[in-house]
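These notes concern the structure reproduced below.
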Amino acid sequence: TLGSKGMKLSPDPHRRRMPWTAAKECVPGVVLDAKEKMVLDGVQLVGVECVDRASQVDPLEALRATVATSEYNTSTGKNIFQLASQVEFDGCGQRFYRKEWQEGTYDKYVALSAIDFNRDGNKGTAYGYVTFHGEATTRPVQMDFVDVPVWHVEFRVERAVLFGVAFPPPQVSAQTSLPMHVPTACGHIHELMRPTSPARCWCFWLD
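Per our numbering, the very first residue in the sequence shown carries number 1107; after that it's consecutive.
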């Protein structure tokens, strides 16, 4: 019975009894490609094909969710050990880098040559050839911040190296790109003074 004259029955109980009668709209399919249903940077990923109209996400939110999913699947917020354990030969021979190493003209990565996991498998020590602006170390060095999250891996099948097999430094250009504030006409880097590791002071052999 109606509580007062002129009032109508609310459709809510009916919708709860038969939810398939609620108006539905499909969300962009790209949002559905997330491996896990979780919140990334405050972005709620949608894990169903259709949702109630009242629960619809804004197109901009759907785009943000797509970008967040892509970044999550690329870096996964994992450290080197967590990434290496998921690729062939524990990532030996593959290029690992952090996002800030590839921004602008900054070009740096590490070719992993050896890795030693701890008992838990998410920490340990790692060694690799550091390449910075085309200049690579001549021998593997122990890597820093390897247990800090948000590493990326650039996987290529042809780069994979068997366990315990040594490989030479990556094939890179013979001369390191000079900093923008150093005049390129002032001289050239002498081979005997060429630095063997990145982030060192440059020495020049004047003409």
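We put the CB at the ideal spot given by N, CA and C, even for glycine.
For the pair Q1200 and E1264, the Cα-to-Cα distance works out to about 9 Å. With respect to the 8 Å criterion, V1259 and G1183 are not classified as neighbours on the basis of their beta carbons. Residue pairing by DSSP places Q1248 opposite Y1233 in a beta bridge.
In this structure, the straight-line span from the alpha carbon of T1237 to that of D1164 is close to 43 Å. Straight through space, the alpha carbons of R1225 and P1276 are spaced by roughly 30 Å. At a Cβ-Cβ threshold of 8 Å, F1261 and G1227 do not count as neighbours.
Assigned with DSSP and collapsed to three states, F1269 falls in coil, not helix or strand. Of V1271, P1255, L1268, V1216, the smallest CA-CA separation from V1247 is found for V1216. Looking at the DSSP output, A1242 sits in a beta bridge with T1237.
At least 8 Å separates the beta-carbon of A1190 from that of L1166. Boundaries of the alpha helix (DSSP H) harbouring F1187: 1186 to 1190, taken from the DSSP string.
Counting only the Cα atoms, A1220 lies some 20 Å from V1256. Residue environment: A1272 is assigned as exposed (fewer than 16 neighbouring CB atoms within 10 Å of its CB, all protein chains considered). Excluding its 5 nearest sequence neighbours in each direction, F1269 has C-beta neighbours in its own chain below 8 Å: F1195, D1196, C1198, listed in chain order. Across the structure, M1249 and G1234 are spaced so that their CA atoms are roughly 7 Å apart.
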